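J.: Just passing along the structure, written as structure tokens.
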Amino acid sequence: MIQLQNLVKDYGNLRAVDHINFEINEGEILGFLGPNGAGKSTTLKMITCFLTPTAGNITVEDRNVYDNSKEIREMIGYLPETNPLYTDMTVYDYLKFVADIRKISNFKQRLKEVTDKCGLHGVVSKPIGTLSKGYRQRVGLAQAIIHDPKILILDEPTTGLDPNQIVEIRQLIKELGKEKTLIMSSHILQEVQAVCDRIVIINKGKIVADGSTQQLQNNFQNKNKLVLEIMATKDELGSLADAVEGVELLSLEPVTAHINKAVLEYSVEQDKRKEIYEFIKQQEWVLLEMKRESMSLEAVFRNLTIEEGGQA
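Per this note's numbering, the very first residue in the sequence shown carries number 1048; after that it's consecutive.
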């Protein structure tokens, strides 16, 4: 549905976006993840026609964004990182103002629909300046969907919210994602994990990873970790790594007086679970649990975005 091809954006000598390529499919919820200053907002501003790229091309439904900017803007709802609100207006007046700009003829119907969806019924007549940050974000989302766009683009939508407000906005974004193609930028891992189907990671203006959470964990994991809970002594478990070639015992800690937890590591190119199980069976130890532990998305993110000198 949306294609970015060799997209570049320069600010003088600074290259903010460096020949990026990716595609967003219809109905997808895409998380655009990267550290602060990675190029997320710049990319979203180019998709929404607020910035012109230095080079490259963006198409929406096979139409060039800049040759068809008016038409494309009508297809997109956009909530920038700085919520574009007039705090002296009431919620009603502000949404009416946005609807008039967008020449929406059925405003009363759309007002009811967006206030229902965004949970704004109780505050429609209140000045925006009197609302909490969470409710202001809801108003921002309402203005982004008032014209019923096919595509919704949200730039850091939970910045500055308290934990309860974050949960509420995440749930609202999930609901909106059932109806629309949605792109959400964030520098917070939990944010994209909680909401998105797919993650694109950008760092220093370049795309460094693209896939589902599971795909990213699998692609960047070079060791398998296996966690065992087992009825065997520490001395007995110490012999396990010696008995099975290619297996290293990373840690060993007691769970109860008779149960120990062992963490083993081996190459992703070999599955050692059967050999480990056979050895345990031969020793007549009681195996209570065996589970493979994936590399966390946090570890993947840090590996991909860490800079020289250990600074992220």
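Using N, Cα and C, we set each Cβ at its ideal position, and we do this for glycine too. It should be emphasised that the depicted structure is a prediction, and the values quoted were computed from it without experimental measurement.
1) Taking all protein chains shown into account, decide if residue 1176 is buried (16 or more other Cβ within 10 angstroms of its Cβ) or exposed.
2) Could you tell me which of 1214, 1247, 1082, 1249 sits nearest to residue 1234, measuring between CA atoms?
3) How far does the alpha helix (DSSP H) with residue 1145 in it reach, from first residue to last?
4) When we look at the beta-carbon of residue 1304 and count the other beta-carbons within 10 Å, is it buried (16 or more) or exposed?
5) Considering only residues of the same chain and omitting the five flanking positions on each side of residue 1181, which have a CB-CB separation below 8 Å?
6) Which of the three DSSP states, helix, strand or coil, is assigned to residue 1299?
7) Tell me which same chain residues have a C-beta within less than 6 Å of the C-beta of residue 1270, skipping the five on either side of it?
8) Can you list, in chain order, the stretches of the beta strand (DSSP E) that have 3 or more residues and sit fully within the stretch 1242-1308?
9) Near residue 1198, what residues of its chain come up, given a Cβ to Cβ distance below 6 Å and the 5 sequence neighbours on each side ignored?
10) Which partner residues of residue 1102 appear in the DSSP bridge assignment?
11) According to DSSP, what are the bridge partners of residue 1314?
12) When you compare the stretch 1131-1147 with the stretch 1094-1111, are there three or more beta-carbon pairs, one atom per stretch, that lie closer than 8 Å?
13) Skipping 5 residues on each side, what residues in its chain have a beta carbon closer than 8 Å to that of residue 1355?
14) Within 10 Å of its beta-carbon, does residue 1325 have 16 or more other beta-carbons around it, so buried, or fewer, so exposed?
15) My understanding is that residue 1063 touches residue 1249, with C-beta atoms under 8 Å, so please give their C-beta distance in whole angstroms.
16) Please state whether DSSP places residue 1223 in a helix, a strand or coil.
17) Using a Cβ-Cβ cut-off of 6 Å (strictly less than) and excluding sequence neighbours within five positions of residue 1220, which residues of its own chain qualify?
T.: Per the coordinate set shown:
1) Flag for residue 1176 reads exposed.
2) For residue 1234, the nearest C-alpha among the options comes from 1082.
3) Where residue 1145 is concerned, the enclosing alpha helix (DSSP H) stretches over 1138-1148.
4) Around the beta carbon of residue 1304, a 10 Å sphere encloses fewer than 16 other beta carbons of the protein chains shown; the residue is thus reported as exposed.
5) Counting only Cβ-Cβ distances below 8 Å, and skipping sequence neighbours, we find 1208, 1209, 1211, 1212, 1215, 1216.
6) Shown here, residue 1299 sits in a strand according to DSSP, grouped into three states.
7) Residues 1312 of the same chain have their beta carbon placed closer than 6 Å to that of residue 1270, with the five preceding and five following residues left out of the count.
8) Segments of the beta strand (DSSP E) lying fully in the stretch 1242-1308: 1245-1250, 1253-1258, 1270-1278, 1295-1301.
9) For residue 1198, where only same-chain residues beyond five positions count, the Cβ hits under 6 Å are 1122, 1123, 1228.
10) Beta-bridge pairing links residue 1102 to 1055.
11) BP columns for residue 1314 point to 1270.
12) Taking a contact to require three or more Cβ pairs closer than 8 Å, the stretch 1131-1147 and the stretch 1094-1111 do not qualify as touching.
13) Bear in mind that the predicted position of residue 1355 carries a pLDDT of just 37, short of 50, making it too unreliable to give a figure here.
14) By the 10 Å Cβ count, residue 1325 comes out exposed.
15) Here residue 1063 is actually not in contact with residue 1249; their C-beta atoms are around 10 Å apart, not less than 8 Å.
16) Looking at residue 1223 - three-state DSSP - the assignment turns out to be helix.
17) If we look at residue 1220 and ignore the five residues flanking it on each side, its Cβ neighbours are 1242.
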